[in-house]
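These notes concern the structure reproduced below.
There are 2 protein chains.
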Amino acid sequence: MTLETFFNTLIPSLESELQHQVARLDESRTRPFYEMLTYHMGWSGEGAGPRATGKRIRPLLLLLTTAACGAEWHPTLPAAAAVEFIHNFSLVHDDIQDQSEQRRGRLTVWKNWGKAHAINVGDALFILAHLSLLDLKARYSEELLTVEAIIDHTCLNLTRGQFLDMSYENQSGLTIKDYWPMVAGKTAALFSACTHIGAMLGGADDSTQEVYRAFGHYIGLAFQVHDDFLGIWGDSALTGKSTDSDLSTGKKSLPVLYGLEQAGVFAQRWVEGPITTNEIPLLAEQLTHEGAKTFTQDSRDKMTDLAVQSLRQANPMGEAGEALFDLAEQLSNRQS
Amino acid sequence: MTLETFFNTLIPSLESELQHQVARLDESRTRPFYEMLTYHMGWSGEGAGPRATGKRIRPLLLLLTTAACGAEWHPTLPAAAAVEFIHNFSLVHDDIQDQSEQRRGRLTVWKNWGKAHAINVGDALFILAHLSLLDLKARYSEELLTVEAIIDHTCLNLTRGQFLDMSYENQSGLTIKDYWPMVAGKTAALFSACTHIGAMLGGADDSTQEVYRAFGHYIGLAFQVHDDFLGIWGDSALTGKSTDSDLSTGKKSLPVLYGLEQAGVFAQRWVEGPITTNEIPLLAEQLTHEGAKTFTQDSRDKMTDLAVQSLRQANPMGEAGEALFDLAEQLSNRQS
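Respectively, the protein sequence lines represent chains F and W.
For the first sequence, counting from 1, position 306 maps to 306 in my numbering; every step adds exactly one.
For my numbering, add 1000 to where a residue sits in the second sequence, where the first one is 1.
Encoded structure:
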């Protein structure tokens, strides 16, 4: 079974589970609130459909890990739903914080209903994550509290990473070594929680859980570095709206931090202030010239290698195991 | 022992517990983030001290209920901390949503550090609530999952109430019957969770838990109605800054909804648009004249009576029981 076949089997079950959880808010008095959540999840409103739901990578990682431990993935669906809700809670709040008007090709929640409602939608998604976890009780009574602790510590790391990301915006003198603790919190923490929980619920022993956790951590770092790569050299960053390029949003991504460390032409231009749409292609080329593109690709490949090494140590079983190797590969080759 | 003596015994232990939980964020790299939380909790920054911490009524209710069931209150401190964090998470987000610049006599978190950081601070407080609950594990392993379910359902009700509150702002034709579901979610849900959890951890049987839960529910409603009373006829509403009066913020509080239902002079003025500072005293008098003041006081007293009746049924023990009766009384007589 290829990754795609797995995807086609798992995703419908996951979507049902997510919808079942969100239905807790489906009441006549608060129907518009419920609809804000179903809109964000990609199920309703203009542009609803597979593109609007996002890739559901995190729950997929969790379910595949459980399966690769030789266990049934179906009973872990509430945990998979929980990590997807955590991810989406952070997206809804993140979009307000970054003032991003678009998400997955549609208007963001705050752009549609205002910031006050969007804060509340994010809060509700966060609560649904916790309510989903409680549905693990019947089957995983022994593991549940540990799973909750992993999720809550992960979320605390998310807020730490988010704090660093926001405070970096106005900070000068940052170097590449400031990058890793930020993305470890912002991105890798949730990825590693997915594989850790997947392995635990799959019945893996402690050392196997640990290598799966490391696999998720490195996959998360590779994923974020590749995101940073696409934020400058991806098609839409180079040719799309200026807001698609990290060069114009001022984000301190890995290539930008690398460029700043070189203290060359790029760094000189950066400190002069906001970069206009016209300048983007040339400045991206300048970054390439100064070595940032190669450095970013190398960093991503190094993280992917570390992920694959960890995964090998975990000795994942059967077709789910192969699918995990495929996933690691694909996340570093995606175009968007 | 009077309520005050109890207060002086419980509060220092509670503050230690809260500080112990917030210390999870005390790291050199994210120190300013940690300090945003300690500022909001009332422990640091300008104006830190007892007034800045707030009254800690919710955890106090929880601890007193446990004690009134004849059990030790000390082991339930993590649960008391959790409900206080839930309350504070909602305050931090609420202040952004309402654009309130002052809280407990000081600048709000968003006013100090911007909305993006304030969203993140609220999120962190919410996570700390869940991490605190996990600390109940050793002593209350049997009750823990039920406590978590109560908290999570309460939080979902909070977001529902918050949604209604925000959507009422632009809705006309609202009546008093729209008021109760909104405040049930916004305020009473957390109060009833406090007494419910306090009774459960105090070892009360199901029916006693239920009457304690009802006690908290009615106390919460009385508390909110009295808040609405003070928002129009309280000293600072009548004589303070115009933002202290619910008449100028446009909030659909109970007296306002009552006034709108009368369709008299008050209602006529209300629909014409924002009320200026100068108009506040006369319009408050007009509301009194139309019966809103008496109606609000009667509603509050009815809720307090229902609370006291429930509390009597619970047959609370000893001095903690007396303190609960005192608390019910005082919450409806406070001046701020």
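Glycine residues also receive a C-beta, built at the ideal position from the N, C-alpha and C atoms.
Collapsed DSSP secondary structure at W/Q1171 in the structure displayed: Here W/Q1171 carries a coil assignment [DSSP, helix/strand/coil].
is_contact[F/N88, chain W] using C-beta, thresh 8 Å: So no, F/N88 is outside the interface.
Residues in the stretch 163-187 of chain F having any Cβ partner in chain W nearer than 8 Å: The stretch 163-187 of chain F vs chain W, Cβ under 8 Å: F163, L164, M166, S167 and P181.
CA nearest to the CA of F/F7, picked from F/N333, F/Q335, F/E322 and F/D135: When only C-alpha atoms are compared, the closest one is F/E322.
W/D1228: first and last residue of the uninterrupted alpha helix (DSSP H) it sits in: Start and end: D1206 to W1233.
Assigned exposure category for W/V1211 - 16 Cβ within 10 Å defines buried: W/V1211 is classed as buried because its beta carbon has at least 16 other beta carbons within 10 Å across all chains shown.
DSSP-derived helix/strand/coil call for W/L1282: Helix at W/L1282.
Residues near W/Q1335 by beta carbon distance below 8 Å, same chain, minus five either side: Contacts found: L1230, G1234 and D1235.
Min CB distance F/E206 to chain W below 8 Å: One detail in the question is off: residue 206 of chain F reads as Asp in this sequence, not Glu. Not one chain W Cβ lies under 8 Å of F/D206.
Against chain W: residues of the stretch 107-120 of chain F by CB proximity under 8 Å: Among the residues of the stretch 107-120 of chain F, those with a Cβ less than 8 Å away from any Cβ of chain W are K115, A116, H117, I119 and N120, in the order of the chain.
F/I197, buried or exposed, once every other Cβ within 10 Å from all chains shown has been counted against 16: The residue in question, F/I197, is buried, as its Cβ has 16 or more Cβ neighbours within 10 Å.
First through last residue of the alpha helix (DSSP H) which encompasses W/C1194: Counting along the chain, the alpha helix (DSSP H) containing W/C1194 begins and ends at A1189 to L1201.
Any C-beta of chain F under 8 Å from that of W/T1159: Yes, its Cβ sits closer than 8 Å to a Cβ of chain F.
Reduced DSSP category for F/Q335 - H, G, I as helix; E, B as strand; rest coil: Coil at F/Q335, not helix or strand.
Interface partners of F/K137 on chain W, CB under 7 Å: Result: L1145.
For F/L37, the nearest candidate out of F/H74, F/N88, F/S16 and F/L131 (CA to CA): With distances taken between Cα atoms, F/L37 lies closest to F/N88.
Complete alpha helix (DSSP H) runs within the stretch 1045-1071 of chain W (minimum length 4 residues, chain order): Runs of alpha helix (DSSP H) with 4 or more residues, each lying fully within the stretch 1045-1071 of chain W, are found at 1050-1053 and 1057-1068, listed in chain order.
Amino acids of chain W, ordered along the chain, whose beta-carbon sits closer than 8 Å to that of F/I127: Ordered by position in chain W, the residues that pass the 8 Å Cβ test against F/I127 are D1152, C1155, L1156 and T1159.
Best match in W/S1253, W/G1291 and W/S1207 for proximity to W/S1310 [C-alpha to C-alpha]: Between W/S1310 and the set W/S1253, W/G1291 and W/S1207, the nearest pair of CA atoms involves W/S1207.
DSSP-derived helix/strand/coil call for W/R1106: Correct three-state label for W/R1106: strand.
Beta carbon proximity, W/L1257 to chain F, threshold 8 Å: False, the Cβ-Cβ gap to chain F never drops below 8 Å.
Cβ-based contacts, 8 Å cut-off: residues of the stretch 21-36 of chain F near chain W: Going along the stretch 21-36 of chain F in chain order, one finds R24, L25, E27, R29, T30, P32 and F33 with a Cβ nearer than 8 Å to chain W.
Contact with chain F by W/L1091, beta-carbon distance below 8 Å: No Cβ of chain F is located within less than 8 Å of the beta carbon of W/L1091.
For W/T1002, three-class secondary structure by DSSP: DSSP places W/T1002 in coil when its eight states are reduced to three.
Extent of the continuous alpha helix (DSSP H) run through W/G1042: Here W/G1042 belongs to no alpha helix (DSSP H), and DSSP marks it neither H nor E.
Cβ pair count under 8 Å reaching 3, the stretch 162-178 of chain F against the stretch 42-52 of chain F: No: the two stretches stay apart, fewer than three of their Cβ pairs being nearer than 8 Å.
Cβ-Cβ separation, F/L107 to F/Q330 (assumed contact under 8 Å), whole Å: Actually they are not in contact, since the Cβ atoms of F/Q330 and F/L107 sit about 28 Å apart, beyond 8 Å.
Cutoff 7 Å; reference F/R51; Cβ partners in own chain excluding five residues on either side: For F/R51, the CB contacts under 7 Å within the same chain, skipping 5 residues up- and downstream, are R104 and G105 in chain order.
CB-CB length for W/T1195 against W/F1215, believed under 8 Å: With a Cβ gap of about 5 Å, W/T1195 and W/F1215 count as contacting.
Contact set for W/L1136: own chain, Cβ-Cβ below 7 Å, skip 5 residues either direction: Excluding sequence positions up to five before and after W/L1136, its CB lies within less than 7 Å of the CB of P1078, A1079, L1144 and V1147, all in the same chain and listed in chain order.
Segment limits, alpha helix (DSSP H) that includes W/L1250: In the sequence as displayed, the identity of residue 1250 of chain W is Gly instead of Leu. Membership of W/G1250 in any alpha helix (DSSP H) is not indicated, and neither H nor E is assigned to it by DSSP.
Sequence-distant residues of its chain with Cβ nearer than 6 Å to F/I280 (five each side left out): Apart from the 5 residues on each side of it in sequence, F/I280 sits with its Cβ closer than 6 Å to the Cβ of S245 and L247 in its chain, given in chain order.
Coarse secondary structure for W/L1306, derived from DSSP in three states: Three-state result, W/L1306: helix.
Which of helix, strand or coil DSSP assigns to W/L972: Since the first residue shown for chain W is 1001 and the last is 1336, residue 972 of chain W is missing from the structure and cannot be characterised.
Same chain, Cβ closer than 8 Å to W/L1064, neighbours up to 5 away in sequence not counted: The answer, listed in chain order, is F1006, L1010, W1073, G1198, A1320, A1323, L1324 and L1327.
Exposed unless 16 or more other CB atoms sit within 10 angstroms - verdict on F/T277: F/T277 is exposed by the Cβ-count criterion.
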